[in-house]
Amino acid sequence: MSLEALDIAIIFAYVAGILFLGFYISKKASSNLESYFLGGNTMKWYYLGLSNASGMFDISGTMWTVSILFVYGLKSAWIPWLWPVWNQVFIFVYLAIWLRRSKVMTGAEWITFRFGDGKGARLSHIIVVTFAVISVVGFIAYFFEGIGKYCTSILPWDLSFALAGWEISSERSYAMLIIFLTTLYTVKGGMYSVVATEVLQFVIMTISCFAVGYIAFTSVSAEQISAVVPAGWKDLWFGWELNLDWTNTPFPGVNDKIDGDGFGFFGILFMMMLFKGIFASIAGPVPSYDMQRLLAARKPSEAAKMSFTTIWVMYIPRYLMIAGFSVLALVYLGDELAGDTIDFEKVLPLAISKFMPVGIKGLILAGFLSAFMGTFSAFVNAAPAYLVNDIYKKYINPNASNKRYITLSILSSIVLVVVGVIFGFNAASLNELTLWLTSALYGGYVAANMLKWIWWRFSGYGYFYGMLFGLIASTAKLFFYPQYVDIYVFPIIFGFALLGSIIGTFISPLENREDIKKFYKQTKPWGFWGPIKREVMAEDPSFVPNQDLGRDTFNVLVGIIWQMAQVVLPIYFMIRQNTEMVIWSGVFILTTVLLKKFWWNHLKTADEASNE
Numbered sequence: 003m004s005l006e007a008l009d010i011a012i013i014f015a016y017v018a019g020i021l022f023l024g025f026y027i028s029k030k031a032s033s034n035l036e037s038y039f040l041g042g043n044t045m046k047w048y049y050l051g052l053s054n055a056s057g058m059f060d061i062s063g064t065m066w067t068v069s070i071l072f073v074y075g076l077k078s079a080w081i082p083w084l085w086p087v088w089n090q091v092f093i094f095v096y097l098a099i100w101l102r103r104s105k106v107m108t109g110a111e112w113i114t115f116r117f118g119d120g121k122g123a124r125l126s127h128i129i130v131v132t133f134a135v136i137s138v139v140g141f142i143a144y145f146f147e148g149i150g151k152y153c154t155s156i157l158p159w160d161l162s163f164a165l166a167g168w169e170i171s172s173e174r175s176y177a178m179l180i181i182f183l184t185t186l187y188t189v190k191g192g193m194y195s196v197v198a199t200e201v202l203q204f205v206i207m208t209i210s211c212f213a214v215g216y217i218a219f220t221s222v223s224a225e226q227i228s229a230v231v232p233a234g235w236k237d238l239w240f241g242w243e244l245n246l247d248w249t250n251t252p253f254p255g256v257n258d259k260i261d262g263d264g265f266g267f268f269g270i271l272f273m274m275m276l277f278k279g280i281f282a283s284i285a286g287p288v289p290s291y292d293m294q295r296l297l298a299a300r301k302p303s304e305a306a307k308m309s310f311t312t313i314w315v316m317y318i319p320r321y322l323m324i325a326g327f328s329v330l331a332l333v334y335l336g337d338e339l340a341g342d343t344i345d346f347e348k349v350l351p352l353a354i355s356k357f358m359p360v361g362i363k364g365l366i367l368a369g370f371l372s373a374f375m376g377t378f379s380a381f382v383n384a385a386p387a388y389l390v391n392d393i394y395k396k397y398i399n400p401n402a403s404n405k406r407y408i409t410l411s412i413l414s415s416i417v418l419v420v421v422g423v424i425f426g427f428n429a430a431s432l433n434e435l436t437l438w439l440t441s442a443l444y445g446g447y448v449a450a451n452m453l454k455w456i457w458w459r460f461s462g463y464g465y466f467y468g469m470l471f472g473l474i475a476s477t478a479k480l481f482f483y484p485q486y487v488d489i490y491v492f493p494i495i496f497g498f499a500l501l502g503s504i505i506g507t508f509i510s511p512l513e514n515r516e517d518i519k520k521f522y523k524q525t526k527p528w529g530f531w532g533p534i535k536r537e538v539m540a541e542d543p544s545f546v547p548n549q550d551l552g553r554d555t556f557n558v559l560v561g562i563i564w565q566m567a568q569v570v571l572p573i574y575f576m577i578r579q580n581t582e583m584v585i586w587s588g589v590f591i592l593t594t595v596l597l598k599k600f601w602w603n604h605l606k607t608a609d610e611a612s613n614e
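Here the sequence shown is numbered in the numbering used here, starting from 3 and rising by one per residue.
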């Protein structure tokens with residue numbers, strides 16, 4: 003990609019600004035572990051929300067979303083439910099409040115709060131620490147590969163060199179340089195530096211989104227789009243089958259992409275996504291940067307507002323950019339993308355190279371670079387908390403000085419980055435291992451982490467065996483049945499993990515009953531807590547149990563529709579489907595009003611109930 007001097011200057015100015023900001027505020031992070039990893043629980047919720055949004059605005063995710071909109075049209079709005087993308091709704095409606103009431107530092111420490119400190123609880127604690135650390139190493143390796151390819155596609159210099167007989171490619175040189183700079187300000191300033199730089203990164207990325215949206219909207223007409231897409235591409239709703247045929251378009255090779263994805267029977271896919279989405283969302287956030295920001299909030303209501311802000315500020319700008327790049331590629335990149343096999347990873351960089359003017363191109367490239375640095379720094383800051391707080395402080399040296407804990411946190415960050423980079427260097431040979439680590443660990447997460455919130459009898463042994471059984475089932479799927487789309491076998495994996503959870507729960511009596519009562523009284527979850535609830539109320543007649551299940555369920559349904567409106571509105575705007583855009587604008591306004599009345603206005607009681 004050719005760059006003018008102005009574009010290069012913008013990119014370098016951004017990197018210099020990020021480093022300056024990270025070092026400028028780093029002194030705030032040095033007092034203790036809470037200050038380093040959680041910002042001392044002093045940061046305002048809207049800064050944390052912007053930071054969280056920036057951390058979720060990654061390059062690879064944007065490229066993937068551009069590609070599925072290109073292929074599936076409006077129906078692509080449903081496909082992120084595979085994750086599920088609306089787990090953020092469950093979090094802001096009630097899970098953020100429950101989680102923040104724990105007053106702990108990490109997800110592993112939360113496990114001790116939930117199950118106590120018996121043998122089963124310690125096994126659960128260890129498996130969560132393992133989950134967190136290994137997944138971060140895998141993601142660092144993933145980032146190493148991604149940022150190297152991105153930098154070589156946008157920057158004009160060849161940085162390849164030889165060292166002691168080793169040939170270091172330009173991709174790897176760029177990756178090491180960017181990762182070194184990001185790690186530098188992250189380990190220096192901890193959570194303060196991460197949040198401050200991510201707020202700046204979010205501003206840059208949002209400006210880039212609106213710039214792309216403007217260029218695309220003024221460059222492409224509705225007639226041009228209709229001429230290159232198949233019938234049904236502009237339809238949000240679907241039947242049992244997808245019914246998109248690209249044969250008589252400039253992109254007949256898209257049909258192969260649809261067949262390869264396994265999404266032809268869209269109705270069945272939707273039911274599987276719904277099944278997975280409900281249980282995975284009740285399970286709550288995984289122990290990574292998202293959970294860390296919830297725990298960093300000043301109080302439970304602000305943890306909920308933080309998660310709400312993540313959706314509110316991110317979706318419309320991001321999907322405006324995604325829709326803009328997609329329609330530009332559809333209308334103007336027919337020659338570059340034509341053929342039986344289309345490399346969909348080319349859609350985004352080709353569109354940037356061909357359509358973005360000088361200055362705007364530099365801003366967008368700096369924005370995507372900032373998105374990478376934001377996501378990477380969030381992971382680098384989150385993982386060492388598990389090693390230092392949950393291993394060293396808990397089991398090795400609980401009375402060390404704060405200075406020693408901070409020093410070990412910095413060293414842990416560096417070690418994890420180095421290990422992740424080594425994985426990145428060997429990505430080709432370790433590809434299957436990396437897939438096993440990420441897919442298997444996440445596949446085994448749902449059942450045990452759903453039960454921990456809602457079932458009184460669920461024990462530390464149940465949690466450990468639920469995670470273990472899920473891990474085994476996901477690993478078996480990966481190695482023995484790789485031909486099946488993951489979402490279609492999720493019920494089997496979930497069922498196996500659920501079986502492990504139940505077996506583990508009943509192999510021994512419930513240990514640490516007093517700790518379970520403390521958890522219930524402090525967190526105040528709804529669910530199947532009958533015996534514990536009766537004991538707590540007998541000991542404390544003033545205790546009022548959670549009676550918000552109905553309201554929370556209503557708010558979750560409204561929140562999912564509210565989130566969906568923010569996905570489809572920019573797309574309808576970009577393709578000039580004005581009637582649908584007006585309808586969904588009304589839906590967005592209505593759901594916003596409902597959330598204000600039935601969710602936001604009740605947040606004050608969340609703080610009162612948590613005795614903060």
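Virtual Cβ for every residue (Gly too), placed ideally from N, Cα, C.
All figures in this text were calculated on a predicted structure; none of them were measured in a lab.
Contacts around A450, its chain only, beta-carbon distance under 6 Å, and the 5 residues preceding and following it disregarded: Y465, G468, M469 and S503
Integer Cβ distance of I284 from F92, believed to fall under 8 Å: 7 Å
One or two residues paired with A164 in a DSSP bridge: E169
Distance, G286 Cα to G279 Cα: 11 Å
Residue from T220, T409 and F427 whose Cα sits closest to the Cα of F327: T220
F381 versus V138 - alpha carbon distance: 6 Å
Bounding residues of the alpha helix (DSSP H) (the contiguous stretch that carries P625): For residue 625 there is no data in the structure shown, the boundaries of the chain being 3 and 614.
Coil, strand or helix - F545 by DSSP: coil
Proximity of D9 and K356 at Cβ, strictly below 7 Å: no
Supposed close pair F240, F277 - CB separation, criterion 8 Å: Contact flag wrong, Cβ pair sits at about 17 Å.
Cutoff 8 Å; reference T436; Cβ partners in own chain excluding five residues on either side: At T436 the pLDDT is 48, less than 50, meaning the model places this residue with poor confidence and gives no usable figure here.
Cβ-Cβ separation, A475 to G446 (assumed contact under 8 Å), whole Å: 7 Å
Paired residues, beta bridge with W457 - DSSP: F530
Cβ pair count under 8 Å reaching 3, the region 148-159 against the region 368-375: yes
Where G552 sits in the DSSP three-state scheme: helix
Residue of I61, I366, Q565 and F521 minimising C-alpha distance to W80: Q565
Rounded separation between V315 and L52 - CA only: 7 Å
Rounded straight-line distance, which links the Cα of I128 to that of A110: 8 Å
Closer than 7 Å to chain C by CB, T311: Given the protein chain composition of this structure (a single chain), no chain C is represented.
Y321 and P86 closer than 7 Å at C-beta: no
Neighbour-count burial assignment, T108, 16 or more Cβ in a 10 Å radius: buried
Cβ separation of I227 and L332, assumed to be a contact under 8 Å, to the nearest whole Å: 6 Å
Continuous alpha helix (DSSP H) assignments of at least 4 residues falling wholly in the region 263-345: 268-285, 291-298, 302-334 and 336-339
Continuous alpha helix (DSSP H) stretch holding T477: start and end: G462 to F482
Continuous alpha helix (DSSP H) stretch holding Y675: start and end: Residue numbering for the chain in the displayed model covers 3 to 614; residue 675 lies beyond these limits and cannot be assessed.
Three-way DSSP call (helix, strand, coil) for I10 in this model: helix
Residues of its chain near F182, where Cβ-Cβ distance is below 6 Å and the 5 sequence neighbours each way are ignored: none
Buried versus exposed, by CB contacts within 10 Å (16 or more), S431: The predicted position of S431 is uncertain, since its pLDDT is 45 and thus under 50; no value can be drawn from it.
Selection from A15, F14 and I99 that minimises the alpha carbon distance to W47: I99
Classification of T507 by the beta-carbon crowding that lies within 10 angstroms, buried from 16 upward: buried
M65 and C211 closer than 7 Å at C-beta: no
Sequence-distant residues of the same chain with beta carbon closer than 8 Å to K599, five excluded per side: none
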